[in-house]
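Worksheet: one structure, shown below.
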Amino acid sequence: MSLPRAKLTKNFPGCPVEAALSYVDGKWKGVILFHLMDGTLRFNELRRKLPAVTQRMLTKQLRELEESGLVSRTVYPVVPPRVEYALTPLGETLKPVIRALAAWGDEYALCRPEGHELRDPSCAPAAALQA
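With positions in the sequence shown counted from 1, the corresponding number in this note's numbering is that position plus 10.
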């Protein structure tokens, strides 16, 4: 079985885009980072913001983001345990990238019940399509 791209970060000579993407690839990592841009969140708060993700997958993605140094995890010694997640200073540097992706998605990605599709930029402007 091959290693996931996130585990192969030393194998991208001369390709900064692929190396950078290796840290944020995964179905939920970008969305997690997007929600953490507003501040610290507890595990269950993140789960409520991502209703389609399983607890196991959310835990896995958070661990990988923590391992890469993009997210910090703070455990408070109380009963029941309280765990909070926040962007690290390195994770904060991704905010402009995440904002740019969000802006692009607002402009070109259509989310419909039957699935996602891209808006053709040569067609009518986005404002005209929403009217």
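Yeah, the Cβ is synthetic: ideal placement off N, Cα and C, and Gly gets one too.
Check: Reduced DSSP category for A112 - H, G, I as helix; E, B as strand; rest coil; Outcome: helix
Check: Candidates E77, V88, R52, F53: closest to G101 by CA position; Outcome: E77
Check: Other residues of its chain near T50: CB distance less than 6 Å, five sequence neighbours each side excluded; Outcome: E94, A96
Check: DSSP bridge partner residues for T84 (one or two, in chain order); Outcome: E94
Check: Same chain only: Cβ atoms within 8 Å of L13, ignoring 5 sequence neighbours per side; Outcome: With a pLDDT of 48 at L13, under the threshold of 50, the modelled position of that residue is not reliable, and the figure given next carries that caveat. Closer than 8 Å at Cβ, skipping near neighbours: no residue.
Check: Stretch pair the region 68 to 76 + the region 35 to 47: three plus CB contacts closer than 8 Å; Outcome: yes
Check: M47 beta carbon less than 8 Å from that of I108; Outcome: yes
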